[in-house]
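According to my numbering, the sequence shown is numbered sequentially starting from 372.
Backbone N, C-alpha and C define an ideal beta-carbon position, used for all residues, glycine too.
Let me begin by presenting the structure, written as structure tokens, before commenting on it.
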Amino acid sequence: MSLPGLELTQASAEALSTPAPPVQHSLPRGSEWRFEIAFGRTVRVKPDRGEILQLLAGTAELFGTELAASQTYTFSGTKAAIYTWHGCTLEVSAGDPISIGGLGSVPPPPGSGSGGCQVEYVAEETPMAEYVNIHGALETMREEAKASGREGPRVLILGAEDAGKTSLAKILTGYATKRGRQPVVVNLDPSEGMLSVPGSLTATAFQSMIDVEEGWGSSPMSGPSPIPVKLPLVYFYGLPSPLDAEGQSQRSLSWAPNAFTAPW
Numbered sequence: 372m373s374l375p376g377l378e379l380t381q382a383s384a385e386a387l388s389t390p391a392p393p394v395q396h397s398l399p400r401g402s403e404w405r406f407e408i409a410f411g412r413t414v415r416v417k418p419d420r421g422e423i424l425q426l427l428a429g430t431a432e433l434f435g436t437e438l439a440a441s442q443t444y445t446f447s448g449t450k451a452a453i454y455t456w457h458g459c460t461l462e463v464s465a466g467d468p469i470s471i472g473g474l475g476s477v478p479p480p481p482g483s484g485s486g487g488c489q490v491e492y493v494a495e496e497t498p499m500a501e502y503v504n505i506h507g508a509l510e511t512m513r514e515e516a517k518a519s520g521r522e523g524p525r526v527l528i529l530g531a532e533d534a535g536k537t538s539l540a541k542i543l544t545g546y547a548t549k550r551g552r553q554p555v556v557v558n559l560d561p562s563e564g565m566l567s568v569p570g571s572l573t574a575t576a577f578q579s580m581i582d583v584e585e586g587w588g589s590s591p592m593s594g595p596s597p598i599p600v601k602l603p604l605v606y607f608y609g610l611p612s613p614l615d616a617e618g619q620s621q622r623s624l625s626w627a628p629n630a631f632t633a634p635w
């Protein structure tokens with residue numbers, strides 16, 4: 372529609388809703404593509420759903436779980452990074468918006484990044500070399516423990532808020548399952564639920580790969596799942612921080628050391 376007095380035209384609704392064309396990212400070896408996607412928007416890594424990210428060539432992984440070539444992965448409401456050891460090419464495209472606020476809700480506008488990402492950039496300085504060294508040391512300790520009949524190693528991950536604790540835990544878990552291990556992950560941060568709601572403490576034995584689209588994965592539902600569901604042991608805590616009630620926190624956490632070692 373022309374605007375009176377101006378040589379301007381108003382974009383049609385169809386033009387505004389037309390998704391941007393796919394964008395390819397070529398990552399050099401040892402780098403990672405970091406991205407953030409708002410809730411209500413979606414992004415994919417190849418076949419067909421939401422905002423798309425597709426691995427076209429090379430090898431890549433998301434938090435220690437390798438991405439399959441020519442497979443589409445859909446992400447929404449997340450902050451993540453895709454790392455490549457040897458270099459790769461990714462294709463990113465936008466998907467359909469999803470409703471998150473009930474009837475009549477309007478999804479947030481897409482971001483300015485490829486596929487509608489709110490934030491995206493390529494980082495060439497990453498801590499992955501240190502992380503894989505930790506994994507190698509743990510594998511050595513596991514082999515020594517197996518040979519001597521002892522329990523395997525235990526790792527306590529501590530750090531400030533948003534320091535990357537969850538990312539490191541996912542990477543070590545993904546590498547361990549890739550080696551055929553069955554690591555037990557215990558979440559002692561009630562503000563961030565793992566396979567459960569916030570305000571709970573969980574312990575889970577990972578016997579299969581992590582679902583990269585769903586964070587840690589999903590717990591049992593009535594329908595089938597393409598990736599085996601996880602069976603978390605969940606305890607209710609009810610407070611956002613262990614410091615809010617230290618006495619209750621100590622009692623609630625006393626189950627953790629024996630959750631998977633006590634006889635059934």
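* Just checking, does the region 535 to 546 make contact with the region 498 to 513 on the three C-beta pairs under 8 angstroms criterion? -> yes
* DSSP three-state assignment for Arg-550, whether helix, strand or coil -> On the sequence shown, residue 550 is found 179 positions in, with the first residue counted as 1. Three-state DSSP puts Arg-550 in coil, outside helix and strand.
* Asked: Just curious, the alpha helix (DSSP H) that Arg-405 is in, first and last residue?
  -> Within the sequence shown, numbered from 1, the residue matching residue 405 stands at position 34. Element bounds for Arg-405: not the alpha helix (DSSP H) but the beta strand (DSSP E), 402 to 408.
* Are there 16 or more other CB atoms within 10 angstroms of the CB of Phe-577, so buried, or fewer, so exposed? -> Here residue 577 is taken as the residue at index 206 of the sequence shown, counted from 1. Flag for Phe-577 reads buried.
* Indicate whether Gly-435 and Lys-541 have their beta-carbon atoms separated by less than 8 angstroms. => If you number the sequence shown from 1, residue 435 lands on position 64. If you number the sequence shown from 1, residue 541 lands on position 170. Closer than 8 angstroms, so yes.
* Apart from the five residues just before and just after Phe-446, which ones in its own chain have a Cβ nearer than 6 angstroms to its Cβ? -> Numbered from 1 along the sequence shown, position 75 holds the residue referred to as residue 446. Excluding sequence neighbours, Phe-446 sits near Ile-408, Val-414.
* Grab the span of the beta strand (DSSP E) containing Thr-575 for me, first residue to last. => Within the sequence shown, residue 575 is the residue found at index 204, counting from 1. Note, Thr-575: beta strand (DSSP E), 571 to 576.
* **Contacts around Ser-402, its chain only, beta-carbon distance under 6 angstroms, and the 5 residues preceding and following it disregarded** => The count along the sequence shown starts at 1 and reaches residue 402 at position 31. Closer than 6 angstroms at Cβ, skipping near neighbours: Val-493, Glu-495.
* Can you name, in chain order, every residue of its own chain whose Cβ lies under 6 angstroms from the Cβ of Phe-406, other than the five neighbours on each side? -> As a working note, residue 406 is residue 35 in the sequence shown. So the qualifying residues of the chain are Cys-488, Glu-491.
* **Opposing strand residues paired with Thr-449 [DSSP bridges]** => Within the sequence shown, residue 449 is the residue found at index 78, counting from 1. In DSSP, Thr-449 forms a bridge with Ile-408.
* **Option in Lys-517, Trp-587, Ser-464, Asp-582 with minimal Cα separation from Ala-574** => Taking the sequence shown and counting its residues from 1, the one referred to as residue 574 is at position 203. It is Trp-587 whose Cα lies nearest to the Cα of Ala-574.
* Asked: Does the distance from the CB of Ser-562 to the CB of Pro-611 come in under 8 angstroms?
  -> Taking the sequence shown and counting its residues from 1, one reaches residue 562 at position 191. Taking the sequence shown and counting its residues from 1, one reaches residue 611 at position 240. Result yes, Cβ atoms of Ser-562 and Pro-611 sit closer than 8 angstroms.
* Asked: How would you label Glu-432, buried or exposed, when you count the other beta carbons within 10 angstroms and need 16 or more for buried?
  -> Along the sequence shown, read from residue 1 onward, the residue named residue 432 stands at position 61. Answer is buried; the Cβ neighbour count reaches 16.
* **For Thr-430 and Ala-440, the rounded distance between their alpha carbons** => Within the sequence shown, residue 440 is the residue found at index 69, counting from 1. Within the sequence shown, residue 430 is the residue found at index 59, counting from 1. In a straight line, the C-alpha of Ala-440 is about 8 angstroms away from that of Thr-430.
* Within this structure, are the beta carbons of Tyr-444 and Glu-584 separated by less than 8 angstroms? -> As a first step, residue 444 is located in the sequence shown; it is residue number 73 there, counting from the start. As a first step, residue 584 is located in the sequence shown; it is residue number 213 there, counting from the start. Yes, Cβ-Cβ distance for Tyr-444 and Glu-584 is below 8 angstroms.
* Segment limits, beta strand (DSSP E) that includes Ala-465 -> Against the sequence shown, residue 465 aligns to sequence position 94. Unbroken beta strand (DSSP E) run through Ala-465: 459 to 465.
* So what does Leu-604 bridge to, in DSSP terms? -> Mapped onto the sequence shown, residue 604 falls at position 233. Paired residues: Ala-574.
* To do: Identify, in the order they occur along the chain, each residue of the same chain with its Cβ nearer than 7 angstroms to the Cβ of Ile-528, setting aside the five sequence neighbours on each side.
  => If you number the sequence shown from 1, residue 528 lands on position 157. These residues qualify, in order along the chain: Lys-536, Leu-539, Ala-540.
* **Segment limits, beta strand (DSSP E) that includes Val-646** => For residue 646 there is no data in the structure shown, the boundaries of the chain being 372 and 635.
* Cα-Cα separation between Gly-530 and Ala-451, rounded to whole angstroms -> In the sequence shown, residue 530 corresponds to position 159, counting from 1. In the sequence shown, residue 451 corresponds to position 80, counting from 1. Their backbone Cα atoms lie some 18 angstroms apart in a straight line.
* To do: Go to Val-490, then tell me how far its alpha helix (DSSP H) extends in each direction, as first and last residue.
  => Mapped onto the sequence shown, residue 490 falls at position 119. Counting along the chain, Val-490 falls outside any alpha helix (DSSP H), though it belongs to the beta strand (DSSP E) covering 490 to 494.
* Asked: Could you check where the beta strand (DSSP E) with Val-556 kicks off and where it finishes?
  -> Looking up residue 556 in the sequence shown gives position 185. It spans 555 to 558 - the beta strand (DSSP E) in which Val-556 sits, taken as one unbroken run.
* Thinking C-alpha only, which one of Gly-458, His-457, Gly-486 is nearest Ala-465? -> Position 94 of the sequence shown, counted from the first residue, corresponds to residue 465. Out of Gly-458, His-457, Gly-486, Gly-486 has the C-alpha closest to the C-alpha of Ala-465.
* Asked: Of the residues Asp-560, Gln-395, Trp-456, Phe-410, which one's Cα is nearest the Cα of Asp-533?
  -> As a position in the sequence shown, residue 533 is number 162, starting the count at 1. Of Asp-560, Gln-395, Trp-456, Phe-410, the residue nearest in Cα terms is Asp-560.
* Measuring alpha carbon to alpha carbon, tell me which of Val-526, Val-555, Ser-571 ends up nearest Val-605. => In the sequence shown, residue 605 corresponds to position 234, counting from 1. Checked all of Val-526, Val-555, Ser-571; the closest Cα to Val-605 is Ser-571.
* **Host alpha helix (DSSP H) of Glu-501 (start-end)** => In the sequence shown, the residue the question calls residue 501 occupies position 130. Counting along the chain, the alpha helix (DSSP H) containing Glu-501 begins and ends at 499 to 519.
* To do: Tell me, please, which residues DSSP counts as bridged to Gly-429.
  => Position 58 of the sequence shown holds residue 429. Beta-bridge pairing links Gly-429 to Cys-459.
* To do: For Val-414, name the three-state secondary structure that DSSP assigns.
  => As a position in the sequence shown, residue 414 is number 43, starting the count at 1. Three-state DSSP puts Val-414 in a strand.
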